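Residue numbers (the working numbering), protein chains in the order written: chain A, 1 to 381; chain B, 382 to 691; chain C, 692 to 1223.
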Amino acid sequence: MRYRYSSLLRHFGLELKIRVERSSLTSRFTEAMVSTLSVAISLIIAAAIFTYQQIDPIIAYKEIFLSAFGSFDGITYTIVKMIPLLLCGAGLIVAFKANVWNIGAEGQLLLGAIVATWIALFSLKTAPHYISIPTMFALGFIAGGLWALIPAILKIKFNVNEVLTTLMMNHIASKIVEYLIYGPWKGKAAWGFPQTDIFPTNTCIPCIPNTRIHYATLIIAISSALIISILLSRTKIGYEIRVFGIKPEVARYAGISSSRVIILSMLISGGLAGIAGVGEVAGLHHRLRYPWAISSGYGYTAIIVAWLSRLNSIAIVPVSFLLGGLLVGGDTIQVVFRLPVNVIHIFNGLILLCLASGEILLKYRFKIEVKRHGTLVSSSS
Amino acid sequence: MEHWLVPPLKVAIEAGTPLLLASLGELYTERSGVLNLGIEGMMLMGALSGFIVALITGNPWLGLLSAMIVGGLMGALHAFVCISLHANQVISGLALSMLGVGLSGFIGKRFVGIPLKATFGVSPIPLLNKIPILGSILFEHNVIVYISYILAIILWLILHRTKMGIMIKAVGENPAAADAAGVDVYKVRYVCTIFGGVMAGAAGAYLSLAHIPMWVENMTAGRGWIAVAIVVFATWDPLRALLGSYLFGGVEALQYWLQPWGIDPSLLGTLPYIATILVLVIIGSSKRLRRAMSAPSALCKPYIREEKVV
Amino acid sequence: MKGIIRSFLLTPPEKSSLLNIPRGEVVVKMQGITKRFPGVTANDHVDFELRAGEIHALLGENGAGKTTLMNILYGLYRPDEGEIYVGNRRVKIGSPKDAIKLGIAMVHQHFKLIESLTVAENIALCIEEYKFFSHIQDVKKNIGELSEKYGLRIDPDARVWQLSAGEKQRVEILKALIRRAKILILDEPTSVLTPPEKRELFKILRRMAEEGCGIVFITHKLHEVMEVSDRVTVLRKGRVVATLQTSETNPKQLAKLMLGKEIPLRPITHTASLTYKEAPILEVRNLYVLNDRGSLAVKGVSFEVFAGEIFGIAGVSGNGQRELIEAITGLRKVKLGNIILMGEEVTNRTPKDIIERGVAFIPEDRLNMGIAQDLSISENLILKKYRYTPFSGHLFLNLDHINKWVDKLIKEYNIITPSSRLPAGVLSGGNIQRLILARELSGNPKLIVASNPTRGLDVAATNFVRSLLIEQKKRGVAVLLVSEDLEELLMLADRIAVIFEGKFMGVLPTSKADVNRIGLMMAGIEMAKVRS
């Protein structure tokens, strides 16, 4: 690809060329720049929208920042929101590295929540902490993983596009939750609201005192990010995932089993989303509620988190913290300016859109050459 | 006395029309090789802008027009990001859905609960509606429903009987070959993607101007995603999309009717998605079906002409 | 004559201003064309000229810049420098669409057809005239008439994926005929054709030239230049070496021009003493393999490859070579028959299993199968080693050992790179092949399967690859060499099998092989009949 802007310049014997070359080399720095720029541009565009709606963006942003990071309480809330984002996002990194497009973290999260509810209310309601909670995490991982396994198997067996199936399965999962809270699991003490009864305390994940941070989930989240970082860079399976993600033909040629990679990456990403679901119901809500009340789109926001961290499972920790802060800030401005719930999606959408557009800066190298009477005067990239 | 079949089928068509409009647009977009997951957001923006303009001008047609323009603009944005910037189509589409949900909620807050007078009311087609049973099922609706019938047929004809259709299919199947045959790949993709946005906008306007004549935050309630499902369910064919839309519209409309018989509405609501996955599995399971009906080969793949190997 | 032609015409005549150019006049002039790709100058101030009514061969080795030059003329690439004149008018060709408007048509080496559409639809696509409802019936009628006139049999309702390579080429030529292209470019058109099909093609080209069409014929085969062309332009390393009247030159001169110097052919070291007493390394028995379209591509092939020999397979590409190799390396399922490796049955084993048994594979498609451009050089080098000790333990990769080993390999195989951490995509073509060879040959393989290992390489890299193969053979490795380059096979192989439409036409020791005989076999005539 090459564009040439030559009308006036040529008149002076000058020729300006912008060459665009596909580049295999991208530096960490450019990657970080693209992420930062994406957020910055999104904030600017959102500010314009706010202004248009007669809300002073500076006040709004200040509100967002202070509510999320400006106080001890704010930071704890941010961490609460960060937990599911980190879990889902870290899982998605594995899937995306394998070039498996898991859009279904949302549904996988809900499955984890369903299983946790089942354990808390029906199977282990009297079991002590140290049994019920590990069981929840384990079964939540399995439930989310199995839910993700369905698209994986369909992809392997029938060559079905996983974007479509995972997307569909999100909606199926959310309908199942609705069915449960309206139907068989509707709480006797729920005053007719579509939600389950509250979990017995022995099945609630304990919180750090005076906060709502269910620390067990937080520890799992941070350690899973670290484990994934090691998994991808140091282990055999991580190497297989990366090779397959970059070029499946080469993986096949090297004798790497594509089914193994697809299944494992979906299992890990689905499982971690499932754990996030366990954390949300057992650590935060203590009951199964409307799907959007449990998750409020964490599965989708996690896609932003994964992309913003450029599929780096260390960078994802601060990134999920920041995005968690944005969610907290969104809740706050919603109250302060009486805005609708979904206003936060403006930021989410803009950031993601900018990130997608910014890819081109990473894939290609732009070279600007100025030629004078045919000889190269300057060149920069 | 009405035949017992009339009310449910009539409702199915009513509820299926926004799905049809959106899925017809998405179908063309996907046929040209671009996946647009932003339908939900585009529908919402269309619904809102249609509502606002109809409210201000008192003319539902102007509302529809503005919805189409807004949808088209969002389609153009998706096109620019995916086609010109070669960005990931899944990500861009999701982003536009989020943006549409957020922005429509934000801007629309002031309009929540205001009743709309300028709507598309039911206007039966004289004579045709006298046909026994079918007449009242098919021809006692608002104008947009009639337009959508015609549109489905026209779009089928264009896709399968015209050079434009061949061009679109070629671009979606093998853009490099289409390019070499002198087809402007980017132009075709731009047009199809913008068209998809326009149709999504129109679908949104149908919701806020005819179906539920007011503005409610998030009023599409996942219909955009169902439209994406329908395109797959219809295996990228406009007439099958017509069928799929009424089927899924019927499921949506009938879920509360069937409740007394012990059929849970939520579980019934999973049917469109399960059916779509099943269709994908069936296509995938046979080589012949895969040849004939699978997704356009270049779907989701940006086209870059000059990429020299070595 | 003109009337007949016009009757086939779908574009209004005034659009093609070239129509009235008499035979012998210049229709295309390319001046000072320069095209650079990252790391290479594909065309370096190339001048080229085409006259109406001539067949102009564009001769050069792989990588000489022939296709690039014609892609520029067809608007697929934009030149960095230089001017193009079509019919005395300076033109800017920004896209194939512009080229088509100028009356240029190109038949690419890899056909540009949409597989899921019918022949008629594919042809309708390239007709410039725009009618809303497609005149498929008109198009079909036109196809019928043209097919008859030029003897291009084709079913307009067939879907392209059902067609053979030869038929696809006919569709491409029909595309050019139907829009009455005045300039036709063919990129290595004979590589997919059998000799009878080839003769037919030449006849059609002759006829088109007589009707005033200017034809550019890209090839690297000397005898084709002599057989079909009126003039020839020789390219070497992106530069024009000469433009000659074909009647005033000879293959020897052309070869010298094309290669730059007479390459010292390596002394042929055929192991005449090979007695084949030992058990073969590879044994293939009555093998049947399907291609991607689900039809039989390999039909009952049997052969053996012994330790210390190079077994060559000759044939026009697309006759089942790819499927055969993929079956042997485990990448493709075998329908029927057996593959036996060192006495053990390995039919339908996984690629991993086959790699573990000591089979090295040098794939034809280096960039898509041989390396992953976005992985580092080091990661590409361990592709087949990473799962074994000492490269890894149960779970973890042993990075220390890997780094040491990689550095050693880079030195040993002379891969030129500042760091093993760079993505492999930054390497040049020759270095990429070195990387692949380093990876494949470093594990002391028992069998090497190589598919067109020197295609697209320059002379130095070609010699490097060939010498490595010979070295391995001397070490007692069995080598299965598939090549479209007959000279390469005659130079390297001990025995040569000729494959045609999935069957072996015969296997003969290289000492008894001669080009004519193999040529006939490549055309589908069995060895027994060739002899008589």
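Glycine is no exception: its CB is placed at the ideal position from the N, C-alpha and C atoms. Only a predicted model underlies this, so the values are computations on that prediction, with no experimental measurement involved.
- Contact annotation: the region 643–652 of chain B does not touch the region 431–441 of chain B, with fewer than three C-beta pairs closer than 8 angstroms.
- Annotation: the continuous alpha helix (DSSP H) that includes His-345(A) extends over 344–363.
- Chain B places a beta carbon closer than 8 angstroms to that of Ser-357(A), counting this residue as a contact.
- In this model, Ile-351(A) and Glu-178(A) are separated by some 30 angstroms (Cα to Cα).
- Here Gly-456(B) carries a helix assignment [DSSP, helix/strand/coil].
- For the region 555–589 of chain B, the set of residues with a beta-carbon nearer than 9 angstroms to any beta-carbon of chain C comprises Asn-555, Ala-557, Ala-558, Ala-559, Asp-560, Ala-561, Ala-562, Gly-563, Val-564, Asp-565, in chain order.
- Between Met-479(B) and Gly-349(A), the C-beta spacing is below 8 angstroms.
- Of all residues in the region 335–356 of chain A, those with a C-beta nearer than 9 angstroms to a C-beta of chain B are Arg-338, Leu-339, Pro-340, Val-341, Asn-342, Val-343, Ile-344, His-345, Ile-346, Phe-347, Asn-348, Gly-349, Leu-350, Ile-351, Leu-352, Leu-353, Cys-354, Leu-355, Ala-356, reading in chain order.
- Those residues of the region 250–265 of chain A placed with their C-beta closer than 9 angstroms to a C-beta in chain C are Val-250, Ala-251, Arg-252, Tyr-253, Ala-254, Gly-255, Ile-256, Ser-257, ordered along the chain.
- Not flagged as an interface residue toward chain C: Ala-468(B), since no C-beta distance is shorter than 8 angstroms.
- In this structure, the CA atom of Leu-1148(C) is about 28 angstroms from the CA atom of Thr-26(A).
- Following the DSSP letters along the chain, one finds Gln-722(C) inside the beta strand (DSSP E) bounded by residues 717–728.
- The C-alpha of His-459(B) lies about 15 angstroms from the C-alpha of Gly-605(B).
- Apart from the 5 residues on each side of it in sequence, Ile-133(A) sits with its Cβ closer than 8 angstroms to the Cβ of Thr-203, Ile-205, Ala-216, Ala-282 in its chain, given in chain order.
- Asn-99(A) sits in coil when the DSSP states are folded into three classes, being neither helix nor strand.
- Closest by C-alpha distance to Leu-85(A), out of Gly-297(A), Lys-363(A), Asn-210(A), is Gly-297(A).
- Nearest neighbour of Ser-786(C) by Cα position, chosen from Val-718(C), Pro-770(C), Leu-1027(C), Ile-1101(C), turns out to be Pro-770(C).
- DSSP lists no beta-bridge partner residue for Cys-817(C).
- Per the C-alpha coordinates, the member of Ser-473(B), Thr-657(B), Val-632(B), Gly-494(B) positioned closest to Pro-646(B) is Val-632(B).
- Taking the Cα positions, Asn-599(B) is about 40 angstroms away from Arg-260(A).
- Contact between Gly-329(A) and Ala-68(A) holds: their C-beta atoms lie close to 5 angstroms from each other, under 8 angstroms.
- Beta-bridge partners assigned by DSSP to His-747(C): Val-907(C), Arg-922(C).
- By the Cβ-count criterion, Pro-318(A) is exposed, with fewer than 16 other Cβ atoms from all chains shown falling within 10 Å of its own Cβ.
- Interface residue (Cβ-Cβ distance to chain B less than 8 angstroms): Gly-183(A) is classified as such.
- Shown here for Val-163(A): same chain residues with a beta carbon closer than 7 angstroms to its own, the five before and five after excluded, namely Trp-101, Ile-103 in chain order.
- The continuous beta strand (DSSP E) containing Arg-976(C) extends over residues 973–981.
- Nearest Cα to Ala-615(B) within the set Ile-394(B), Asp-565(B), Leu-590(B), Arg-412(B): Arg-412(B).
- With a contact defined as Cβ atoms closer than 8 angstroms, Ile-198(A) and Ser-313(A) miss out at about 35 angstroms.
- In the DSSP assignment, Ser-993(C) falls outside any alpha helix (DSSP H) and within the unbroken beta strand (DSSP E) covering 987–996.
- In the structure shown, the three-state DSSP call for Glu-1035(C) is strand.
- The C-beta distance from Lys-97(A) to Leu-288(A) rounds to 32 angstroms, too long to meet the 8 angstroms contact threshold.
- The DSSP-derived three-state label of Gln-853(C) is helix.
- Per DSSP, the beta-bridge partners of Thr-809(C) are Arg-850(C).
- The beta carbon of Leu-1126(C) sits closer than 7 angstroms to the beta carbons of Ile-1062, Ile-1068, Asn-1071, Leu-1072, Ile-1106, Ala-1115, Leu-1118 from its chain, once the five residues preceding and following it are set aside; these are given in chain order.
- Residue burial is scored here from C-beta neighbours: Lys-757(C) has at least 16 other C-beta atoms within 10 angstroms and is therefore classed as buried.
- Within the region 149–173 of chain A, no residue has its Cβ closer than 9 angstroms to any Cβ of chain C.
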